[in-house]
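Undergrad: Attaching a single structure in structure tokens format; questions to follow.
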Amino acid sequence: MTVPGPDVTTDRTSGARPGPQALRPHAEDAFAEELAALAAADDRPRPERWRLSPWAVATYLLGGTLPDGTVITPKYVGPRRIVEVAVSTLATDRALLLLGVPGTAKTWVSEHLAAAVSGDSTLLVQGTAGTPEEAIRYGWDYARLLAHGPSREALVPSPVMRAMARGMTARVEELTRIPADVQDTLITVLSEKTLPIPELGEEVQAVRGFNLIATANDRDRGVNELSSALRRRFNTVVLPLPATPEAEVDIVTRRVSQIGRSLDLPAAPDGIEEIRRVVTVFRELREGVTEDGRTKLKSPSGTLSTAEAISVVTGGLALAAHFGDGVLRASDVAAGILGAVVRDPAADQVVWQEYLEAVVREREGWKDFYRACREVAA
Ligand SMILES: Nc1ncnc2c1ncn2[C@@H]1O[C@H](COP(=O)(O)OP(=O)(O)OP(=O)(O)O)[C@@H](O)[C@H]1O
Ligand SMILES: [Mg+2]
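Sequential numbering from 1 applies to the sequence shown in UniProt numbering.
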């Protein structure tokens, strides 16, 4: 059957695109030109209903230069193999689970994969402790249900059901935050590739091209453990933290300049030194040791992820643009760093003070940063 019921979201298959004013355009809109260039250059076989071949999807994520000279910007910076495994999983009958600590680009990779494979990253279920079964299966338009009884017209399909019917990629964010019994709704979807609608005596069968990408946070483990029955339906890909400081600086610089452009902030390269400093501080505190390996440090309670480094630098750029001379300086990032490090006012404050006095104060060329940090702490 075709999926019935009113579709309250934008119908992306009609070709209608949101205006350029969207604060955060979807990946398939933000990178529409790259996707079109890849599709044009892509002469490799495409799995049924895929917009691109697996090779082109991987190139979209990792970046590269096409024969006609079009530059594809890297979206994910990390081991190529991870992306290849993720993409090829989507071409099988197994679903993909992206696992990792906070801020390792799970959501980001999931969105870009869906955009590249299906041209639509919006078939999304956001997992929370309150996610009901209807969010994964279907709900009802109660006015129609009461007036005419259960019918196709009264059915409100979930994003998963719509993806099944159209042979597209569905996304489930934060799978392990969803209560276990609701998670289990996915078992039939993933193993039988069907969603029964007992009220109508019908079912929606997944069309070829359907698959599902779920993300889950390592730190949430124990909130709602993934049942082993469900886990077996997924290929798990663990996204690591950036391996080297250079890789992390690269990620932060790229993302900050993208975000900055959409907010009309000054270009980040002006502040590359400051970005390096933010990344160094985050990595040292996260790993509990200084970069030279000489001094052991206590780690604060916050995660100090790459994602947070990106926010600190973006915040700093806004300060520099609106209240400074447009160049990112130590005083623009100090408050942001303090906010990210000191989550627990008592314990983290001590950790930060120790780090400031034992490491920052002594470090060559970091006097301005030390002073700026002392000032915001006062
Ligand atoms: N390896 C990486 N390559 C490219 N971007 C990255 C990388 N790591 C982190 N980022 C950036 O970090 C930001 C946050 O990532 P994202 O929200 O996807 O993290 P997450 O793993 O879903 O975190 P959470 O567990 O908190 O949901 C994104 O803007 C993304 O661009
Ligand atoms: Mg996420």
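The beta carbon of each residue, even a glycine, is placed where N, CA and C say it ideally should be. A quick note: this is a predicted structure, and the numbers were derived from the prediction, not measured.
1) Would you tell me roughly how many angstroms separate the C-alpha atoms of residue 86 and residue 141, rounded to the nearest one?
2) Closer than 5 Å from C-beta to any heavy atom of ligand 4: which residues, in chain order?
3) The beta strand (DSSP E) spanning residue 214 covers which residue range?
4) Below 8 Å between beta carbons: does that hold for residue 120 and residue 34?
5) Kindly give me the distance between the Cβ atoms of residue 161 and residue 137, rounded to whole angstroms, as I take these residues to be in contact under 8 Å.
6) When you compare each of 336, 107, 302 to residue 278 by their alpha carbons, which one comes out closest?
7) My output table needs one value for residue 265: the three-state DSSP class, helix, strand or coil.
8) From which residue to which residue does the beta strand (DSSP E) around residue 201 run?
9) By a C-beta neighbour count over all protein chains shown, 10 Å radius and 16 as the cutoff for buried, is residue 148 buried or exposed?
10) Tell me, please, whether the segment 169-185 touches the segment 117-136 by the rule of three or more beta-carbon pairs shorter than 8 Å.
11) Specify, as a first and last residue, the run of the alpha helix (DSSP H) that residue 138 falls within.
12) Can you list, in chain order, the residues of its chain whose CB lies under 6 Å from that of residue 274, leaving out five sequence neighbours each side?
13) For residue 317, tell me which candidate among 178, 78, 263 has the shortest Cα-Cα distance.
14) Mind checking whether the beta-carbon of residue 173 lies closer than 7 Å to any heavy atom of ligand 2?
15) Who are the Cβ neighbours of residue 7 in its own chain at under 6 Å, not counting the five residues just before and after it?
16) Count Cβ pairs between the segment 107-114 and the segment 61-75 that sit closer than 8 Å; are there 3 or more?
17) For ligand 2, any of its heavy atoms closer than 7 Å to the Cβ of residue 236?
18) Taking 7 Å as the cut-off, is the beta-carbon of residue 215 closer than that to any non-hydrogen atom of ligand 2?
19) For my contact list, residue 51 and residue 39 are in at a C-beta cut-off of 8 Å; report their separation, rounded to the angstrom.
20) Compare the beta carbon distance of residue 185 and residue 252 with 8 Å and say whether it is the shorter of the two.
21) Cβ of residue 387 within 8 Å of Cβ of residue 113?
22) Pull up the CB-CB distance for residue 91 and residue 47, whole angstroms please, since I reckon it's below 8 Å.
23) Our contact map puts residue 237 next to residue 98 with C-beta atoms below 8 Å; I'd like the distance itself, whole angstroms only.
24) With 16 other CB atoms within 10 Å as the buried threshold, where does residue 42 fall?
25) Would DSSP call residue 21 helix, strand or coil?
TA: Short version:
1) 36 Å
2) For ligand 4, the structure offers nothing, since it holds only ligand 1 and ligand 2.
3) Bounds of the beta strand (DSSP E) holding residue 214 are 211-217.
4) no
5) 7 Å
6) The residue among 336, 107, 302 with its C-alpha nearest the C-alpha of residue 278 is 336.
7) coil
8) No beta strand (DSSP E) contains residue 201, which DSSP labels as neither H nor E.
9) exposed
10) yes
11) Premise fails: residue 138 lies in the beta strand (DSSP E), 138-140, not in any alpha helix (DSSP H).
12) 328, 333
13) 263
14) Result yes, Cβ under 7 Å from ligand 2.
15) Note that residue 7 has pLDDT 46, beneath the 50 cutoff, so the model's placement of it is unreliable and no number is given.
16) yes
17) no
18) Answer for residue 215: yes, Cβ within range of ligand 2.
19) 6 Å
20) no
21) Examination of residue 387 is not possible in this model, given that the chain is present from 1 through 378 alone.
22) 5 Å
23) 6 Å
24) Classification for residue 42: buried.
25) coil
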